[in-house]
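See structure below.
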Amino acid sequence: AHQSLCLFAVALLSMAVLSRDAFCLYFDLGPVLAIAKRRQEEDEKTRNRAPSATIVPPSSPSVELLARKAGPTEVGDLKRETTGRKAKFGGQFFEHLRLFDKFGDEGEEMEFNSATGIPFETPTFKGRAIFKLRPTELSEMSIAYQQYFRPRARKFSLQIQGRFKKPTSGIIWLGAEVGHCDSSRGVDAMQLGFIRKTLCKMVLNTINLMRGAILHYSFGDGDQLPHIVLPLYIAADTFVETDEKDLPPNIGVRMFPEDIKSQKVRRKSNTKARKFELDKTYSFSLHNSNLDLFNWIVVGIPGIRSMDLTKYWQDMPLRIVAYSTTGPFTNPHTAVNKTYLFCFELSNSLATSEDD
């Protein structure tokens, strides 16, 4: 029963874009997930060995969700025609997906799998970001990104590097929100049902009880968007702090370096309101092997079949966010109580609401 509840928690948290590996540190799920990862990698190797002329059924996402390369690239020799969206940073676009910096220039779309970091800025933080997304077929990416994803099971990764522009107080959170932030649409809420929501609350509250209240969540209640977030210092898969006199790690296709031992200590810590300095550069990333955003499904959870995200999110977009809050840990994360470091919104044009 304990293992089933843990797996259910991992599935839920994966849907909210949090690191699977972080929660493996809290529960003894390593052996189970290691087996699942090996099976997933074997399946991927089998697909990669398949001839390119293999006939794919029309319902396959690899046909319906055609990825298109826009503009020149500095990280590979992939050549495709531009389809009206110009890639400024050597990245690519996907026809059914839209990625926006919610604090950037209105209407300017962000690229996936860029060759270098894409600049962004908020009143609190200034930096660069790379959103790495794995399509169904690795051949739809540049050579460098094929080499990045092929040995890994992960479905996406986000890299952030930058500096704080002004002092922050309270907790800096990292995680995900779901919703439109448009009151005219009514209340944004995940479609879980009474029994599933009750079980989710029980598991998530148990995590907080065991780990000392590190997790903040809501399924959407009108005042708060559906969200699951952790303190950034704990949630990040990699975290590198660089003094002003030193050179920070490169932001690009490769991952940020972090010592494995110090990484485990950091992610098992209970440090919530960690202080972030203005004269230091912060490089951090998060990745996930269960949230297949290209196909808008959850995969790879042992004992659980793939799940369509529209069943839970309907047509709501996903936002990967970092923000600060003040006051007690249990304060609701309402719009007026959040100060964003960044907010990257991903929407799927093929996702529909129940009413459609």
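Numbering (mature numbering (1 follows the signal peptide of the UniProt record, and there is no 0)), first residue to last: -19 to -1, 1 to 337. Note that beta-carbon positions come from the ideal geometry of N, C-alpha and C, so glycine has one too. Nothing here was measured: the structure is a model prediction, and the numbers come from that model.
- One thing to note: K83 has its Cβ no nearer than 8 Å to the Cβ of K107.
- Annotation for V246: the continuous alpha helix (DSSP H) segment containing it runs 241 to 248.
- When DSSP assignments are scanned along the stretch 270 to 334, the uninterrupted stretches of alpha helix (DSSP H) that are 4 or more residues long and fall wholly within it turn out to be 291 to 294.
- Remark: fewer than three beta-carbon pairs, one from each stretch, lie closer than 8 Å, so the stretch 223 to 238 and the stretch 193 to 212 are not flagged as touching.
- Counted as a single uninterrupted DSSP element, the beta strand (DSSP E) harbouring I153 occupies residues 152 to 159.
- Judged by DSSP in its simplified three-state form, A110 adopts strand.
- In the three-state reduction of the DSSP assignment, Q205 falls in the coil class, being assigned neither a helical nor a strand state.
- In the structure shown, S123 adopts coil according to DSSP, grouped into three states.
- Just so you know, the alpha carbons of F112 and G98 end up roughly 9 Å apart.
- Under DSSP, V221 shares a beta bridge with S264.
- In this chain, the beta strand (DSSP E) harbouring L78 covers 78 to 82.
- Taking D218 as the centre and dropping the five residues before and after it, the same chain places the C-beta of S(-1), S266, L267, H268 closer than 6 Å to its C-beta, in chain order.
- Scanning its chain for C-beta atoms nearer than 7 Å, with the 5 sequence neighbours on each side dropped, one finds around F70 the residues E92, S95, A96, T97, I99, in chain order.
- A residue is called buried once 16 or more other Cβ atoms fall within 10 Å of its Cβ, and K292, having fewer, is exposed.
- Counting C-beta atoms within 10 angstroms of its own C-beta, P298 has 16 or more neighbours from the protein chains shown and is therefore classed as buried.
- Comparing alpha-carbon positions, the option among D273, N276, G85, T315 lying closest to Q205 turns out to be T315.
- By the C-beta density criterion, I278 is buried, having at least 16 other C-beta atoms within 10 angstroms.
- In this structure, the straight-line span from the alpha carbon of F237 to that of F74 is close to 24 Å.
- Between K136 and R109 a beta carbon distance of about 22 Å is seen, past the 8 Å cut, so the two are scored as non-contacting.
- The beta carbon of L331 sits closer than 6 Å to the beta carbons of H77 from its chain, once the five residues preceding and following it are set aside; these are given in chain order.
- Measuring C-alpha to C-alpha distances from A134 to each of G160, F325, N271 identifies N271 as the nearest.
- Annotation for T307: S150, G151, N318 place their beta carbon closer than 8 Å to its own, counting only its chain and skipping 5 residues before and after.
- Inclusion of E326 and Y263 in the CB contact set at 8 Å is not warranted, their separation being larger than that value.
- In the DSSP assignment, E102 is bridged to K107.
- The three-state secondary structure of F75, taken from DSSP, is strand.
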